[in-house]
Structures are given as C-alpha cells and as structure tokens.
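Chains as they are written, first to last, in the numbering used here: chain A, 1 to 230; chain B, 231 to 450.
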C-alpha cells in the first residue's frame, strides 16, 4: 500500500466512481419498492458508508497484525489513520441513516433503542472511540502502538459478534432480519446494483485517499520531531 | 520451567495471595451485597420478568469488572518482570484466566443466591440459565483478564478498564440476556441451544485470542 500512496491512477478511479454514483444515483430509474419508493436511492449513499467503514477497519486490522509481527512503526501509523477515517464514515453512515429513517420509520431518533443493527454499529464506534482513548493515555510511541494493536485485534472479534451474529438472532427494522426481506432477494435489482457496487468502491477508495493523506502527514510529523520510523 | 507446572504455580500463588489479602474478596462481596440490598430497598419482593434478569446481569457485570480488574493492576512492574523470567507469557495469562474463571463462577453463584433470596427466583428453565451463567462467567473472566492486562499498560488504568471493556462486552450481554429472557418464559433447553453454542464458541475464541495476543503485550 505504501508504494501506491503517491500513485495517481486510483485517485482518478475514485473520482470517476464518485461522480458516477452521485449522478447516476440521482438519475437512474429505480424499482418501485413498497414503502421505500424513491428513498431507495439512499441505498447508494447510506449503505456504502458502512461497507467502506468495515473495509477500512478490516485493512486496519491487517496492518495491526502486521505491526505486531514486524514491529515497524509505519504499520501502526497506517492502522490508526485508517481507523480515523473509518470513524468519520461511521458517523456519516449514522447521519444518512437518520435521514432515511426519518422518511421510513417516522422520526429521526426513536430507532436508536429499537434496532439491533444500529446498536451493533454504535458498539463498533464505541469500541474504536475507546481505542483512541487508550492511545491517548500511553505516552511512549512504541508501547502505545503495541498495546493499541493488541486491543484493536481483540476488540475486532467481539465487534464482529455484535454486527454479524447478534443481528441475525434478534429482530430488526433493517432488511435481512426479523422477517424483513433482504435487499438481495428481490429489491436489489440490476439497476440498483449497477450504481451500488461502484458506490462502495468509490467510497472505499475515497477513504483510502483521505487516510493516505493522514499517513503522509504523520510521517512528516515523525520526521520533523526526529522520531525513528522504520 | 515446564508449561503446566508454571501455570499451576501461578494459579496457586494467586489463590494464596487471595487468602492472605482477604480485604479484596470481602470488598467485592460487600459491593455485591450493597447492590442487592439497594435493589431490595427499591423494589421489595416485586421484581419479576425482564427486570429481574437485567438487574441480575447488571450485578454480574459490575461485580466482575471489580473482581477481575485487579488481576493485572495489582501486580507491580518488578514482580511482573520476575514472573516473565520464570514462566512463559501464555502460562501467565492462562493461569490468570483460569483463576478468574473460578472466581467468576463463584461470584455468579453467590450473586444468584443473594438475588434469589431477596427478589425471588423466576427462572423456569434452570439448566439453560445455569449453563448461560457458567459460559457468561467464563466470557467475563477471560475478557476482563485480557482487558486488565491492556489497561495496566495505560495510565489511569482503573477508568481505562471500564472504557475498554464495556463496549466489547455488550454483545455477550445481549446473548446472555436473550437466553435468560427465554429461560423465564418456557422450560425448553432446545430454544436456547443455538445461543448457548454461540456463547461457547465465543468463549473459546476469546481464550484463543488472549493466548495469541498476550505475548505481544507483556514486553516492555
């Protein structure tokens, strides 16, 4: 990934995907899904937030494991930068979800206590806020990186339980559980798919782009303060 | 030293230490008694259904965070250094976790006893509830041991313990509460079997992750 930081091709790809998402997403003909109607377009803007958040967390997890194996600070810098951006996407996922919920479920806030998927996402955000607090409470860089990597790997497993296992056990207002049909069964027809998958790619690439800028800034900060960065 | 003898040695050391410093365990018991008493003063005998369940798991959660938190926080840096020279890191974390599992099972039995005496015992399906208790005690003990090891590296570790552990315990608590809610409604182990299996798998996973990750944590 480091070698790709300065390359331009994937940034152009990202812009292309995003332009396509935001034009086609608003213009294409969508199927008339019962209850959702035209708000189904939010699928292109809300769901990719969560997808790219999870993808960024996953890449961050890989870099945490890499850091524990190699002990190179640069891997820790990458892991934490990805998580920072993942947090932003998580918050954006909430905001877009609130907009959608406002139209479908009637108001902006009541679902927080009612829906396990949202609860799972909230737990995920809490876990990573705790991660940043943990980082803040250790002064030594090497120790901070090591302890944070251990916590992030340990927490990711339990996070997976809360977003993958628990929602399947309980009922939810979201599609795919509690008797609601999944999008993949009949809602996500080819028209939606044609925009949805590029949207996920575009969002994820945008996340990687932003985190690459954070990574480069952190590297500069390390260099300026003469902290060895192997 | 060999692996299992050193695990056993560490375990025995923790037990002896607990016997000698009775204030720690009696402090936790007093804590538990206080919560139960407050619940009794508020509700009297009238706690039923979901409220009983949620109060029970709240007692368990806060007792266990207090009981297990000290497992690494109590050790001074020098003493930890000494352990690392005589035992492998896996042996140390395994010994701590086994000790805490024992402690937690004892605590959950005591909490259940006290809570039942003051507020009654509405559970219909005792086998699945007790099984959930044991599995939940294992999950609490292993998670808190690992988080205690992590928090002991940070400054202000007492607060860190709560911040780090509560979010990752919520999914476990959700499964536990689901099982308990089923257990107060119907006497049918089969209903809860899937959740119990999830819980058992989760216990194994946490244990394995702690054994894999702890060696990276202890080096200072």
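The C-beta atom is built at its ideal place from N, Cα and C for all residues, glycine as well. Here the structure is a predicted model, which means the values were calculated and not measured.
In the pairwise beta carbon analysis, the segment 194-207 of chain A is classified as touching the segment 49-62 of chain A: at least three pairs are separated by under 8 Å. Taking 7 Å as the cut-off, the Cβ atoms of residue 313 (chain B) and residue 323 (chain B) do not count as close.
Of all residues in the segment 373-393 of chain B, the ones placed with a Cβ closer than 7 Å to any Cβ belonging to chain A are 376, 380, 383, 384, 385, 386, 390, 393, in chain order. In the structure shown, residue 385 (chain B) falls within a coil segment according to DSSP collapsed to helix, strand and coil.
Residue burial is scored here from C-beta neighbours: residue 433 (chain B) has at least 16 other C-beta atoms within 10 angstroms and is therefore classed as buried.
Against chain B, the beta carbon of residue 151 (chain A) has neighbours under 7 Å at 380, 394, listed in chain order. Counting only residues of its own chain and dropping the five nearest sequence neighbours on each side, residue 366 (chain B) has a CB closer than 6 Å to the CB of 406. Taking the Cα of residue 87 (chain A) as reference, the smallest distance to any Cα among A:154, A:210, A:222 is reached at A:210. When CB distances to chain B are screened at a threshold of 7 Å, the residues of the segment 134-148 of chain A falling below it are 134, 137, 138, 143, 146, 147, in chain order. For the segment 392-417 of chain B, the set of residues with a beta-carbon nearer than 9 Å to any beta-carbon of chain A comprises 393, 394, 395, 396, 397, 398, 399, 400, 401, 402, 404, 405, 408, in chain order. Neighbours of residue 435 (chain B) in chain A, taken as residues at a C-beta separation under 7 Å, are given in chain order as 157. Between residue 373 (chain B) and residue 337 (chain B), the beta carbon gap of about 15 Å keeps them out of contact (Cβ cut-off 8 Å). For residue 244 (chain B), the enclosing alpha helix (DSSP H) has its first and last residue at 233-250. Going by C-alpha positions, residue 28 (chain A) is about 50 Å away from residue 281 (chain B). In the displayed model, residue 72 (chain A) falls within coil according to three-state DSSP, outside both helix and strand. The criterion of a C-beta distance shorter than 7 Å is not satisfied by residue 381 (chain B) and residue 447 (chain B). Using a Cβ-Cβ cut-off of 7 Å, residue 161 (chain A) counts as an interface residue toward chain B, since at least one Cβ of chain B sits closer than that to its own. By the C-beta criterion, the segment 412-424 of chain B is judged not to be in contact with the segment 148-161 of chain A, since fewer than 3 inter-stretch pairs fall below 8 Å.
In the DSSP assignment, residue 428 (chain B) falls within the unbroken alpha helix (DSSP H) covering 419-448. In terms of Cα proximity to residue 297 (chain B), the closest of B:424, B:259, B:355 is B:259.
For residue 327 (chain B), no Cβ of chain A is located within less than 7 Å of the residue's own Cβ. Note that the C-beta distance between residue 369 (chain B) and residue 241 (chain B) is not below 7 Å. Contact between residue 20 (chain A) and residue 198 (chain A) holds: CB atoms are separated by about 6 Å, below the 8 Å threshold. For residue 79 (chain A), not one C-beta of chain B is nearer than 7 Å to its own C-beta. Straight-line measurement puts the Cα of residue 263 (chain B) at about 56 Å from the Cα of residue 224 (chain A). Measuring C-alpha to C-alpha distances from residue 421 (chain B) to each of B:355, B:442, B:441 identifies B:355 as the nearest. Cβ contact annotation for residue 67 (chain A) (same chain, cutoff 7 Å, sequence separation greater than five): 75, 76, 79, 145, 149, in chain order. At a cut-off of 7 Å between beta-carbon atoms, residue 24 (chain A) makes no contact with chain B.
Listed in chain order, the alpha helix (DSSP H) elements of length 4 or more contained wholly in the segment 248-277 of chain B are 252-273. Check the Cα spacing between residue 265 (chain B) and each of B:278, B:342, B:404: the tightest is with B:342. Within a 10 Å sphere around the beta-carbon of residue 17 (chain A) sit 16 or more other beta-carbons, which makes this residue buried. Secondary structure of residue 30 (chain A) (DSSP, three-state): coil.
For residue 301 (chain B), the CB contacts under 7 Å within the same chain, skipping 5 residues up- and downstream, are 326, 330, 375, 378 in chain order.
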